[in-house]
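Numbering follows our numbering, in which position 384 of the sequence shown is assigned residue number 504; successive positions increment by one, without gaps.
Positions of the beta carbon are idealized from the N, C-alpha and C atoms, including for glycine.
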Amino acid sequence: MTSQPHSPTSLPTLRLRSGKDRPVRLGHPWVFAGAIANLDATLPPGTLVRLESAGGEFLGIGAANPGCAIAVRLLAHQDQAIDADFIRRRIADALALRQRLVPPATDAYRCINGEGDFLPGIVVDRYAGVLVLQCLTAGAAALQPLVVAALAETLAPECIFERSAGSVRREEGLPDLERALHGEWPPEHVAVREHGLSFLVDVRHGQKTGWFLDQRDNRLLARQHAGGRRVLNAFAYTGGFGLYAAAGGAREVISVESSERALALGRENWRLNGLSAVPADFVEADVFRYLRQPGEPFDLLILDPPALAKQRRDVARSARAYKDLHLHAFRRAAPAALVLTFSCSAHVGAELFRKIVIGAAADARREVRVLRQLGAGADHPTALAHVEGNYLTGLLLAVA
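Rendered as structure tokens:
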């Protein structure tokens, strides 16, 4: 596929099998290969196509990849050109939403969230003057020049840095990419602000695009509940939750993380915010082993593990790991403790996650109440029909 303007009627047409059009009509952005009656295996990945019902009714325009289970990702439900103007409008709409949602004293947030901003496979995160772009699908990769031009024109960033990698790209037949698309390569650490707190972010080597932007609202929740509490920040990465807890008046913060590189940046973030008055310990350890050890109980436990079920076949194994994690966390929880716990595994939804936590609480013989159900921040919108986009689920729990 090229990024040149086209006439929508000139596109190849894919027709759905009878009875397979309902998800598309409800707004779901994905069309699976088995739903398409005339899927052409010779279509180059990323080719724009018209999608029609079995009866020939126009349903939308999308980018096709006939070699993938998700064979078409819809870009528009209207019959229109997918060109530079279209991309500019989509990006302008996404940025206008962020202007209303992003809190003051914050210059790190998600600008474009793929299907949630009607640009499948395209993710853009802002870290002050640096934009990090991910093109996760063949269709997104084909649109990349138009996206970069629109971002450069609209936001005038110092740098647009592409970090396109991961399992979705491999499934799409795409190699990992890391390159500057606008401006120079970003520095090793980019300084950002979030709710008035300062952080250094490693956009070149860090997790995801450098920082867990989806947890911003939940970090603020930790700050609101941390006053006077002894806090465990498990799977601490660069210390975000713990730093918020300290800013909220925590009595002590213990951050446990297996990566010394991440912990080193966490210590630097701690110094950057002048939190030396709050007792803190940065522990390089496996969280599962750490929690099994005897020790002083915690009043606030934050459990934010990496994705334990990256594929559907991993769900049973990950459920056992999640249960083990919560069992030992509940055993280390003081009376009247709070637990902030999360799963970022798309295959472990809110219902299954809650069942796992229920089982762990029962085995630990602790009475637990749900105070709030949690998810990603508002700068990570999802299309209403695209339930698969709700990958982050969490709970704020009170432990008796």
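Once you ignore the five residues that flank A449 on each side, which residues in its own chain have a CB closer than 7 angstroms to its CB? L411, L421, L423 and V459
In the DSSP output, which residue or residues are listed as bridge partners for N353? S375 and I422
Under the three-state reduction of DSSP, which class applies to L131: helix, strand or coil? coil
Identified DSSP bridge partners for C77: The displayed coordinates of the chain run from 121 to 520. Any statement about residue 77 would go beyond what the structure contains.
Take the Cβ of Q124 as the centre, count every other Cβ of all protein chains shown within 10 Å, and call the residue buried at 16 or more, exposed below. Annotation note: pLDDT 47 at Q124 (below 50); position unreliable, coordinate value reported separately. Its Cβ having fewer than 16 others within 10 Å, Q124 is exposed.
Between N338 and R208, what straight-line distance do the alpha-carbon atoms span, to the nearest angstrom? 31 angstroms
Less than 8 angstroms between the beta carbons of L239 and A184, yes or no? no
Here's the rule I'm using: 16 or more other beta-carbon atoms within 10 Å means buried, otherwise exposed. How should N389 be labelled? buried
Taking all protein chains shown into account, do 16 or more other C-beta atoms lie within 10 angstroms of the C-beta of Q335, making it buried, or fewer, making it exposed? buried
Beta-carbon contacts of F319 that lie in its chain and below 6 angstroms, excluding the five residues immediately before and after: V312 and N389
Excluding the 5 residues flanking S438 on each side, which residues of the same chain have their C-beta closer than 7 angstroms to its C-beta? L428, A429, S465 and V468
When you compare the region 213 to 222 with the region 171 to 181, are there three or more beta-carbon pairs, one atom per stretch, that lie closer than 8 angstroms? no
Figure out for me which residue from V507, L294, L515 and H506 has the closest Cα to the Cα of L494. L515
Please go through the same chain and pick out, in chain order, the residues whose beta-carbon is closer than 8 angstroms to the beta-carbon of P295, but skip the five residues on each side of it. R289
Beta-carbon proximity check, A503 vs G147, cutoff 8 angstroms: yes
With a 10 Å radius around its C-beta and 16 neighbouring C-beta atoms as the bar for buried, classify A99 as buried or exposed. Limits of the chain in this structure are 121 at one end and 520 at the other, which puts residue 99 out of reach.
In chain order, which alpha helix (DSSP H) runs of at least 4 residues are fully inside the region 457 to 497? 470 to 484
I'd like to know if the region 258 to 274 and the region 183 to 202 are in contact, where contact means that at least 3 CB-CB pairs between them fall below 8 angstroms. yes
Report, in whole angstroms, the separation of the C-beta atoms of G166 and A285, which I expect to be a contact under 8 angstroms. Not a contact, Cβ separation roughly 18 angstroms.
Chain-order list of residues whose beta-carbon lies under 7 angstroms from that of S463 (same chain, five-residue window excluded): Y442, F473 and T513
Determine the direct distance from the alpha carbon of D160 to that of R137, and round the result to whole angstroms. 14 angstroms
Could you give the distance in angstroms between the alpha-carbon of V150 and the alpha-carbon of R350? It is Trp, not Val, that sits at residue 150 in the sequence shown. So the alpha carbons of these two residues sit roughly 45 angstroms apart.
On a Cα-Cα basis, can you pick out the residue from L256, A405, T162 and E304 that is closest to E278? E304
I'd like the list of long-range same chain contacts for M121, defined as Cβ closer than 6 angstroms, with 5 residues on each side in sequence excluded. Low per-residue confidence applies at M121: pLDDT is 43, beneath 50, and the placement is therefore not dependable, though the value from the model is reported in the following sentence. Taken in chain order, the residues that qualify are G166, T167, L168 and A262.
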